[in-house]
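In what follows, a single structure is set out as structure tokens and then discussed.
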Amino acid sequence: MVGLRLIFHLVSAAAYGYTAWYDAKIVPAEFWPIKGVFLSKFVWLTVIDLYLQLFYHLWALVATFYPSRSFHYFAKSVVSLFWTLYFLDPDFLLHDENARRVISIAWFNHGLHTLPTVTILIDLLLWNHGRVEKSSAFKGLLSFATLYIIDIHYVHYTTGFWAYPILGQLSLPLRAAFIIGCASVFFVKFVFLDAMSATAHAHDAVEQKKKAKKH
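Below, the structure is given as structure tokens:
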């Protein structure tokens, strides 16, 4: 099982690493939200997700214990939000022809927006990482959402650039409602994945309770 885990994380890290490299290659610095500032790319949730997944699988390769799954619900939410908005109207997410050209590269698009769901489900179903308390997940989500909102508004204030065009199309009240709705998706995904993990590893939980009673 350890060998299978290492192979899985190695392949996943390689896939995310190559996608990150290709992203850096195909999107030159002049197209970043703040020209020449690499960190400005982190106004895009898919970029945040890409590097979280890359570092998660790299860390898992050298970890001596099963890594936490706290990033999983984040990744699943990003994937769901992207494809939902993309199918409703690509212009909600894509600024210009350059963005459309990048997204038209099928393998790259799926590396950013589909692969996270695949690796998350495999990871959750094969290994029991334990459960994250809902209160802790909510606090983590609230902290991330606050920082992210500050991030995207700072970039917009300094450059006039919205991470996603739909944000500029909405009035302030609707924008706030949209952001709250998106944040709610993250928490719902956490509850869903937590329930899936608990169901998949119910036998492990029973065995742990039996061992605890013996001691």
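Numbers 1 to 215, taken from the UniProt record's numbering, label the letters of the sequence shown in order.
Glycine included, each C-beta is placed from N, C-alpha and C at the ideal position.
These numbers were taken from a predicted model, which means no experiment stands behind them.
Checking 7 angstroms against the spacing of the C-beta atoms, do residue i and residue j come in under that value?
{"i": "K41", "j": "W32", "result": "yes"}
{"i": "L45", "j": "G17", "result": "no"}
{"i": "E199", "j": "G111", "result": "A quick correction: the sequence has Thr, not Glu, at residue 199. Against a cut-off of 7 angstroms, the Cβ pair of G111 and T199 comes out as no contact."}
{"i": "S171", "j": "L124", "result": "no"}
Considering Cα atoms alone, identify which of the options is closest to residue i.
{"i": "L58", "options": "E97, T46 and A15", "result": "A15"}
{"i": "T119", "options": "L50, T159, R101 and V27", "result": "L50"}
{"i": "K139", "options": "A20, S197, L193 and S184", "result": "S184"}
{"i": "R100", "options": "G3, F8 and V27", "result": "V27"}
{"i": "S12", "options": "H129, Y56 and V132", "result": "Y56"}
{"i": "F108", "options": "W21, V43 and S143", "result": "W21"}
Distance check for residue j and residue i, CA to CA, integer angstroms please.
{"i": "P67", "j": "A106", "result": "Unreliable positioning characterises P67 in this predicted model, as indicated by a pLDDT of 49, which lies under 50. The coordinate reading is nonetheless provided below. Roughly 30 angstroms between the two C-alpha positions."}
{"i": "V191", "j": "L121", "result": "14 angstroms"}
{"i": "F38", "j": "A202", "result": "43 angstroms"}
{"i": "K134", "j": "L141", "result": "10 angstroms"}
{"i": "L52", "j": "A195", "result": "22 angstroms"}
{"i": "L61", "j": "I152", "result": "32 angstroms"}
{"i": "V47", "j": "G168", "result": "20 angstroms"}
{"i": "F178", "j": "T146", "result": "14 angstroms"}
{"i": "G160", "j": "A176", "result": "18 angstroms"}
{"i": "I103", "j": "F187", "result": "27 angstroms"}
{"i": "V132", "j": "T114", "result": "24 angstroms"}
{"i": "A137", "j": "E97", "result": "38 angstroms"}
{"i": "G181", "j": "P165", "result": "17 angstroms"}
{"i": "V43", "j": "T117", "result": "21 angstroms"}
{"i": "G3", "j": "L193", "result": "25 angstroms"}
{"i": "F8", "j": "P173", "result": "44 angstroms"}
{"i": "Y154", "j": "D23", "result": "23 angstroms"}
Using a Cβ-Cβ cutoff of less than 7 angstroms, which residues in the same chain neighbour residue i once the five nearest sequence positions on both sides are dropped?
{"i": "K35", "result": "A29"}
{"i": "I149", "result": "I179"}
{"i": "L10", "result": "L61"}
Output needed for residue i: all residues of its chain with C-beta closer than 6 angstroms, excluding positions within five of it in sequence on either side, in chain order.
{"i": "H156", "result": "W162"}
Is there at least one Cβ from chain B nearer than 7 angstroms to residue i's Cβ?
{"i": "I120", "result": "Protein chain content of the structure displayed is limited to a single chain, and chain B is not contained in it."}
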